[in-house]
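Colleague:
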Amino acid sequence: MPVPFRIGLTLMAFFWLMAVTACTTTRPAAVQVPAAPAPVSPALYRTIARLDSAMFVAFNRHDLAQLQTFFAYDLEFYHDKGGLANFEQTMQGFRNLFEQNKTTGLNRQLVPGTLEVFPIKDYGAVETYQHRFCHVENGKDDCGTFKNMMVWRLRDGQWKVTRVVSYDH
Numbered sequence: 001m002p003v004p005f006r007i008g009l010t011l012m013a014f015f016w017l018m019a020v021t022a023c024t025t026t027r028p029a030a031v032q033v034p035a036a037p038a039p040v041s042p043a044l045y046r047t048i049a050r051l052d053s054a055m056f057v058a059f060n061r062h063d064l065a066q067l068q069t070f071f072a073y074d075l076e077f078y079h080d081k082g083g084l085a086n087f088e089q090t091m092q093g094f095r096n097l098f099e100q101n102k103t104t105g106l107n108r109q110l111v112p113g114t115l116e117v118f119p120i121k122d123y124g125a126v127e128t129y130q131h132r133f134c135h136v137e138n139g140k141d142d143c144g145t146f147k148n149m150m151v152w153r154l155r156d157g158q159w160k161v162t163r164v165v166s167y168d169h
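Using the UniProt record's numbering, the first residue of the sequence shown is number 1, and each one after it goes up by one.
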């Protein structure tokens, strides 16, 4: 059999195999794209934004008595560098932080445009955001921007934070 004829037969067999494979191969099922989540109600967003603002007014004033009113006693505070802390440990951490920063101007600012709120059915809401902490060290501003998530529980008309996840430090 001449070489050009064999090459032609080989190519024809290859294309025939490709055609058969294309016709008999099952196609993957259509990808199911989840529906976009329902937008949070403006009232819930405003409530959580107001609570966040009030919480950090207390933080910026180093007002531990007011700050602790925002947290539930069954609090779990997860910090990527510090690990897990309960309510008492978290309050002691704030106490130490405020003591160490009496004159440094330690403050927190919400990064504009980063606050998101998502409802949790029959529980409350999840709040995610980025915030910036600054203090003066050696005469210069020392600032860092970090990510945070808080779970708010609504019980008996009172909103309290039950979980905090602080990360990206």
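For each residue, glycine too, the CB sits at the ideal point set by N, CA and C.
1. Measuring straight from C-alpha to C-alpha, what distance separates Q89 and S41?
2. Tell me which same chain residues have a C-beta within less than 6 Å of the C-beta of V151, skipping the five on either side of it?
3. Does the region 73 to 92 come close enough to the region 113 to 131 that 3 or more CB-CB pairs lie under 8 Å?
4. What are the residues that DSSP puts in a beta bridge with F133?
5. Counting only runs of 3+ residues fully inside the region 72 to 116, write out the beta strand (DSSP E) ranges in chain order.
6. Rounded to whole angstroms, what is the Cα-Cα separation between G157 and T104?
7. Do D80 and S166 have their C-beta atoms closer together than 8 Å?
8. Between which two residues does the alpha helix (DSSP H) carrying R50 extend?
9. Count the other CB atoms, across all protein chains shown, that sit within 10 Å of the CB of D52; report buried if there are 16 or more and exposed otherwise.
10. Output the distance between the C-alpha atoms of D137 and Q66, rounded to the nearest integer angstrom.
Modeller: So, from the data block:
1. Mapped onto the sequence shown, residue 89 falls at position 89. Mapped onto the sequence shown, residue 41 falls at position 41. Those two C-alpha atoms are separated by around 34 Å.
2. For the purposes of this step, residue 151 is taken as residue 151 along the sequence shown, with counting starting at 1. Contacts found: V126, T162, R163.
3. no
4. Taking the sequence shown and counting its residues from 1, one reaches residue 133 at position 133. Answer is R108, G144, bridged to F133.
5. 83 to 85, 107 to 110
6. In the sequence shown, residue 157 corresponds to position 157, counting from 1. In the sequence shown, residue 104 corresponds to position 104, counting from 1. Distance between the alpha carbons of G157 and T104: 37 Å.
7. Residue numbering aside, residue 80 sits at position 80 when the sequence shown is read from its first letter. Residue numbering aside, residue 166 sits at position 166 when the sequence shown is read from its first letter. For D80 and S166, yes; Cβs fall inside 8 Å.
8. The count along the sequence shown starts at 1 and reaches residue 50 at position 50. Residues 42 to 60.
9. On the sequence shown, residue 52 is found 52 positions in, with the first residue counted as 1. D52 should be labelled buried.
10. For the purposes of this step, residue 137 is taken as the residue at position 137 of the sequence shown. For the purposes of this step, residue 66 is taken as the residue at position 66 of the sequence shown. According to the sequence shown, residue 137 is Glu rather than Asp. Each residue's Cα considered, the two are about 27 Å apart.
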